[in-house]
Each structure stands twice: as structure tokens, then as C-alpha cells.
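Student: What follows is a single structure, and I will ask about it in a moment.
Residue numbers (the working numbering): 1 to 143.
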């Protein structure tokens, strides 16, 4: 026996005894992942996907529909995101199964729209009409 074969045997024994614990804590961490609305949505989606890949490597991964539900569950708990979730679930034709890809694509599209609207709102605020000062008979104050 070589040192390498002995090491491989020990690793194999350790992996078998630790899979349940590792899978459990990976599962718990996935259930606790919450998107704060600030971090880029792509990073949030990747975090959930990466955790599922870890579970798959232990033969404990989620099916696609459950992973999609988990992604929806991880969204902020406010009216905007509750409406988004209702929209995603309501748009699913009878008999179809929700997929992780569908939810992540819709989230990404919503995030892009949101960030492009933020720029428009800021620009509109900068272009707001100047108020007329009746005292100075002007729209600006030069004091």
C-alpha cells in the first residue's frame, strides 16, 4: 500500500460519514439565502445555483421546480416582489412545471428594467422646472 492509496481510502470513509451533515447545512444555508435588493441579482442567482451544485455532487440536489420555488422564496418580502412572484406563478400554463431558468431570466429582466428606470428618474429630477421667485423676479438666486 502506498501513502496515496491509504489517503484515498481515508478520504472515501470521511466523505461517506460527512455527506449527511454537509448536505444538511448546505440545505439550511440555501433556505436562509435572502436577496437584499442591493446585491446584483446575478450574484444572488449564482449563489443559489452553486449551493445546489454542491448538493448535486452529494447526490442530494433539488429538482428544477423546487430550485425555482427556492429562488422565488429568497426575494425580499415586500409588495413589489410579492407581485412579481404572483406574476411568475400566474403566468405558468396549466400542466407546465416552473423552471429555475424561467425565474432567473425573469428576475434578470426585471433587474435590468429597474436599473434603467433609476437613471431615467434621476435625470428627470435634474430637469425639473425651476421655481419662480417673486421677490427676485428670477428662477435663480444670485446673492
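Built from N, CA and C at the ideal position, the CB exists for glycine as well.
Among 71, 65 and 59, whose alpha-carbon lies nearest the alpha-carbon of residue 31?
Tutor: Taking the first residue of the chain shown as 1, we reach residue 31 at position 31. With distances taken between Cα atoms, residue 31 lies closest to 71.
Student: Let's see if you can read the secondary structure: which residues bound the alpha helix (DSSP H) around residue 41?
Tutor: The sequence position of residue 41 within the chain shown is 41, counting from 1. Segment 41-57, the alpha helix (DSSP H) holding residue 41.
Student: By Cβ distance, which residues of its chain are closer than 7 Å to residue 26, with the 5 residues on each side in sequence left out?
Tutor: Counting from one through the chain shown, the residue named residue 26 turns up at place 26. Same-chain partners within the cutoff: 51, 54 and 55.
Student: Could you check the C-alpha separation between residue 40 and residue 79 for me, to the nearest Å?
Tutor: For the purposes of this step, residue 40 is taken as the residue at position 40 of the chain shown. For the purposes of this step, residue 79 is taken as the residue at position 79 of the chain shown. The alpha-carbon atoms of residue 40 and residue 79 are separated by roughly 20 Å.
Student: With 16 other CB atoms within 10 Å as the buried threshold, where does residue 6 fall?
Tutor: Sequence index remark: in the chain shown, residue 6 carries index 6 (1-based). Exposed, since its Cβ has fewer than 16 Cβ neighbours within 10 Å.
Student: Can you tell me the Cα-Cα spacing of residue 4 and residue 83, whole angstroms?
Tutor: In the chain shown, residue 4 corresponds to position 4, counting from 1. In the chain shown, residue 83 corresponds to position 83, counting from 1. Those two C-alpha atoms are separated by around 56 Å.
Student: If I follow the unbroken alpha helix (DSSP H) through residue 83, where does it start and stop?
Tutor: Position 83 of the chain shown, counted from the first residue, corresponds to residue 83. First-last of the alpha helix (DSSP H) with residue 83: 79-90.
Student: Smallest Cα separation from residue 74: which of 115, 96, 2 and 47?
Tutor: For this step, residue 74 is matched to residue 74 along the chain shown. Nearest C-alpha to residue 74: 47.
Student: Our contact map puts residue 10 next to residue 58 with C-beta atoms below 8 Å; I'd like the distance itself, whole angstroms only.
Tutor: Here residue 10 is taken as the residue at index 10 of the chain shown, counted from 1. Here residue 58 is taken as the residue at index 58 of the chain shown, counted from 1. Rounded, the Cβ-Cβ distance is 18 Å, inconsistent with contact.
Student: Can you give the Cα-Cα distance for residue 29 and residue 110, rounded to whole angstroms?
Tutor: Stepping through the chain shown from its first residue, residue 29 is reached at position 29. Stepping through the chain shown from its first residue, residue 110 is reached at position 110. If I take the Cα positions, the gap works out to 25 Å.
Student: If we count the other Cβ atoms within 10 Å of its Cβ and call it buried at 16 or more, is residue 91 buried or exposed?
Tutor: Translated into positions along the chain shown, residue 91 becomes position 91. Exposed, because fewer than 16 other Cβ atoms sit within 10 Å of the Cβ of residue 91.
Student: Using CA coordinates, which residue listed in 60, 64 and 101 is at the minimum distance from residue 21?
Tutor: For the purposes of this step, residue 21 is taken as residue 21 along the chain shown, with counting starting at 1. Nearest C-alpha to residue 21: 60.
Student: Locate the alpha helix (DSSP H) running through residue 94, then write down its first and last residues.
Tutor: Mapped onto the chain shown, residue 94 falls at position 94. Run containing residue 94: none; DSSP gives neither H nor E here.
Student: In three-state terms, what does DSSP make of residue 5?
Tutor: Within the chain shown, numbered from 1, the residue matching residue 5 stands at position 5. In the structure shown, residue 5 sits in a helix (DSSP, three-state: H, G or I).
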